[in-house]
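Visitor: In this note's numbering, the protein residues as written are 383 to 739.
For reference, the structure I am asking about is given below.
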Amino acid sequence: QGASESLSRGLDLAFRSGAITGMFVAGGALLGVAGYYAFLTQGLGLESTDRHVIDGLVALGFGASLISIFARLGGGIFTKGADVGGDMVGKVEAGIPEDDPRNAATIADNVGDNVGDCAGMAADLFETYAVSTVATMVLAAIFFRGMPYVEVMMLLPLLICAVCIVTSIIGAFFVRLGKSNNIMGALYQGLIVTGVLSAAAVYGLLQYLQAQDLLGPVTTSGGLTIQPMQLFWSGMVGLAVTAAIVVITEYYTGSNFRPVRSVANASVSGHGTNVIQGLAVSLESTALPALTIIVGIVVSYQLAGLFGIAIATTTMLGVAGMIVALDAFGPVTDNAGGIAEMAGMPADVRHSTDALD
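See below:
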């Protein structure tokens, strides 16, 4: 309905749906970890470094991983099975177009987008978010055990995630389609605002903790002294890695760049060359993200040791709300296009949904 009014209206509605999913994933994961930690320490009166607290947090991470396996794998298999099966039956055997209401598998295809690309992806990010936060808290309990600031260091990843959720919500309001109708530009505008605000928020958080004498130079059980600014720069490494991976992903998947164009050119000579070139590009696309992550690990380790790597990971996942919003945006527009086709809406509506998808 929104796409029938204007491209901008369709983008607003679709991204709003994605943003709700993203903030629910980030907020739910943070609430689960923080709530369970509060129950163990405040409700049961256990010390923050007590073995029962650590075991409980690790068990929470295992539970999130278990849910993620079923949602991601089961949903993904259903999604692709319905997609490929529906296309084969409709286009190859019956000779009817995609998303035609005469093809019963169209409904399964649309449901599959929700199950795999939306719910499965959200469960996967939920697990990563929860497990990474728990891992940082466990490392803090190990490295700073017996120190007066151990509880603050265990709460630090929760506080970083909390302020990043707020910045993600603010960044979502900056996703607006400009006069150029550049959809990807509008989406990346929100992501850039989120990243900049997150950097400022993490810096402000550390400065506030120092002003309240809750945080200062800390020494690990191994004798490594870590300054608050080293923790800040470790977090910035995490944000930089996120930004780099987004840029690399856009390069390898955007239709304006060499990788996708090379696959399109290879398709001219047949199916075989299409598959070969597609595999070559996909294998090539894994190199730069891997190198980026390696550089991020090395730099954050040099800044603050293993705990620096943990803080970098926590900050990187702090903006997961916006990342999930961008991912969930796709299935919403895909389903909207299917509904428009089945409902027999004007061709310009389907053109708008295809542009958004």
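Glycine residues also receive a C-beta, built at the ideal position from the N, C-alpha and C atoms.
Owing to the predicted nature of the structure, the values given are computational and were not obtained by experimental measurement.
Does the segment 486 to 500 come close enough to the segment 516 to 534 that 3 or more CB-CB pairs lie under 8 Å?
Guide: With a cut-off of 8 Å, the segment 486 to 500 and the segment 516 to 534 do not count as touching, because too few Cβ pairs lie within range.
Visitor: Is the beta carbon of Asn656 sitting closer than 7 Å to the one on Ser664?
Guide: No, the pair does not count as a contact, with Cβ atoms beyond the cut-off.
Visitor: Looking at Ile542: is its Cβ nearer than 7 Å to the Cβ of Gly700?
Guide: Yes, these two residues count as a Cβ contact at 7 Å.
Visitor: With a threshold of 6 Å on Cβ separation, who are the neighbours of Tyr633 within its own chain once the five nearest residues in sequence on each side are excluded?
Guide: Within the same chain, Tyr633 has close Cβ partners Phe639.
Visitor: At 4 residues or longer, what runs of the alpha helix (DSSP H) sit wholly inside the segment 629 to 707?
Guide: The segment 629 to 707 contains these whole alpha helix (DSSP H) runs: 640 to 648, 653 to 667, 669 to 700.
Visitor: Would the beta-carbon of Gly620 fall within 7 Å of that of Thr697?
Guide: Contact: yes.
Visitor: Is there a Cβ of chain C sitting closer than 7 Å to that of Tyr585, yes or no?
Guide: Reference to chain C is not applicable here, since this structure consists of a single protein chain.
Visitor: Check this for me: beta carbons of Pro530 and Thr515, under 7 Å apart or not?
Guide: In this structure, Thr515 does not lie closer than 7 Å to Pro530 by Cβ.
Visitor: Is the beta carbon of Thr510 closer than 7 Å to that of Ser550?
Guide: Not closer than 7 Å, so no.
Visitor: State the beta-bridge partners of Thr607 as determined by DSSP.
Guide: Thr607 is bridged to Thr601.
Visitor: Between the alpha carbons of Thr668 and Ala662, how many angstroms are there, rounded?
Guide: Whole-angstrom Cα-Cα distance: 11 Å.
Visitor: Would you call the segment 593 to 609 and the segment 676 to 691 in contact, with 3 or more CB pairs under 8 Å?
Guide: Segments in contact, yes.
Visitor: Can we say the segment 591 to 599 touches the segment 560 to 574, given the rule of at least three CB pairs closer than 8 Å?
Guide: No, the segment 591 to 599 is not in contact with the segment 560 to 574.
Visitor: Can you check which of these residues, Val407, Leu389, Ala464, Met470, is closest to Ala544 by C-alpha distance?
Guide: Checked all of Val407, Leu389, Ala464, Met470; the closest Cα to Ala544 is Val407.
Visitor: Scan the segment 523 to 591 and note each continuous alpha helix (DSSP H) run of 4 residues or more that stays entirely inside, going in chain order.
Guide: 532 to 554, all fully within the segment 523 to 591.
Visitor: Express the C-alpha separation of Ser682 and Gly690 in angstroms, rounding to a whole number.
Guide: The alpha-carbon atoms of Gly690 and Ser682 are separated by roughly 5 Å.
Visitor: Would you report the Cα separation of Ile547 and Phe555, rounded to the nearest angstrom?
Guide: Straight-line Cα distance between these residues: approximately 13 Å.
Visitor: For Leu413, which residues in the same chain have their Cβ closer than 8 Å to its Cβ, ignoring the five residues on either side in sequence?
Guide: None.
Visitor: Rounded to the nearest angstrom, how far is the Cβ of Val706 from that of Gly404, given a contact under 8 Å?
Guide: The Cβ separation is near 4 Å, so the contact holds.
Visitor: Determine whether the beta carbon atoms of Gly443 and Val513 lie at a separation below 7 Å.
Guide: In this structure, Val513 lies closer than 7 Å to Gly443 by Cβ.
Visitor: Please identify the residue among Glu666, Gly586, Gly468, Ala411 whose C-alpha is closest to the C-alpha of Phe508.
Guide: Closest option to Phe508, Cα to Cα, is Ala411.
Visitor: In terms of residues, what are the limits of the alpha helix (DSSP H) holding Thr403?
Guide: Start and end: 389 to 420.
Visitor: Compare the C-alpha of Val642 against each of Gly463, Gly660, Ile627 and name the closest.
Guide: If we check each option's Cα against that of Val642, Gly660 comes out closest.
Visitor: Should Ile676 and Gly617 be called a contact, given that it needs their Cβ atoms to be closer than 7 Å?
Guide: Against a cut-off of 7 Å, the Cβ pair of Gly617 and Ile676 comes out as no contact.
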